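Trainee:
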Amino acid sequence: MAFPKYIRSCTREKDALIWRERIKCLNHFRIYYKKFKLWEILVKRIKELGWYILVVIILIIIFKVQPLKNHTKPIELTFAELNGNSLYNLTHGEFLKDEFTGEYYADECIEETNSSFIKSICYYDFNYELTVNINRRRYVYCEVDKEVWDEIKTTKSIGSYYNAHIKNQYFCDY
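Listed below in structure tokens is the structure:
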């Protein structure tokens, strides 16, 4: 690391400078020399601690990434985690499941409905559940008879049938 030009000129031409400029020059030299020494010490310490810093960084990365490996199981949501969503649903008289009970597939689904707000609707025959997807939200209704599902499939307007016969009629006791 080289000294700046004005400091080099101070050290070479000391005798030619007047007193005031000589003092100014020496003050600049002292300040710059202190910064230079501190930088030199810092670089030396980093070189000495380089391996330790590298090991610490690797350990931090390992411990930050490790929890991501355990996401093979389905995520179970408690009632407290669904609290904001559940409060929204309680105002409409609907309840969400508070935990995932396993993978199961619907017997029948209507993916494209003639309704403007119902995106899809599915019926699970083995546990008589009806799931309705409304504007990216999933609503689950329990103990829905097969006859109700048959009426949904044959109705002209799924949205009006939903509002009249399903909403506020069926609930889940989860």
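Under the numbering used here, the first residue of the sequence shown carries the number 1023, and numbering increases by one thereafter. Cβ coordinates follow ideal geometry from the N, Cα and C atoms, glycine included. Source: prediction; values computed, not measured.
By DSSP's criteria, residue 1155 is part of a beta bridge. Which residues make up the other side?
Mentor: As a working mapping, residue 1155 is identified with position 133 in the sequence shown. Its beta-bridge partners are 1142 and 1160.
Trainee: Return the Cβ separation of residue 1169 and residue 1192 in integer angstroms, given the expectation that the two are a contact with Cβ distance under 8 Å.
Mentor: Residue numbering aside, residue 1169 sits at position 147 when the sequence shown is read from its first letter. Residue numbering aside, residue 1192 sits at position 170 when the sequence shown is read from its first letter. The Cβ separation is near 13 Å, so there is no contact.
Trainee: Using only CA atoms, which one of 1129, 1139 and 1059 lies nearest to residue 1180?
Mentor: Taking the first residue of the sequence shown as position 1, residue 1180 is located at position 158. When each option's Cα is compared against that of residue 1180, the closest is 1139.
Trainee: Look at the alpha carbon of residue 1178 and the alpha carbon of residue 1184, and state the distance between them as a whole number of angstroms.
Mentor: The residue labelled residue 1178 in the question sits at position 156 within the sequence shown. The residue labelled residue 1184 in the question sits at position 162 within the sequence shown. So the alpha carbons of these two residues sit roughly 12 Å apart.
Trainee: Using a Cβ-Cβ cut-off of 6 Å (strictly less than) and excluding sequence neighbours within five positions of residue 1189, which residues of its own chain qualify?
Mentor: Translated into the one-based positions of the sequence shown, residue 1189 becomes position 167. Around residue 1189: no qualifying Cβ.
Trainee: How should residue 1145 be labelled, buried or exposed, when 16 other C-beta atoms within 10 angstroms of its C-beta is the threshold for buried?
Mentor: Within the sequence shown, residue 1145 is the residue found at index 123, counting from 1. By the 10 Å Cβ count, residue 1145 comes out buried.
Trainee: Sort out for me which residues DSSP pairs residue 1075 with in a bridge.
Mentor: As a position in the sequence shown, residue 1075 is number 53, starting the count at 1. Residue 1075 pairs with nothing; no bridge assigned.
Trainee: State the Cα-Cα distance for the pair residue 1134 and residue 1163, rounded to the nearest angstrom.
Mentor: Mapped onto the sequence shown, residue 1134 falls at position 112. Mapped onto the sequence shown, residue 1163 falls at position 141. Straight-line Cα distance between these residues: approximately 20 Å.
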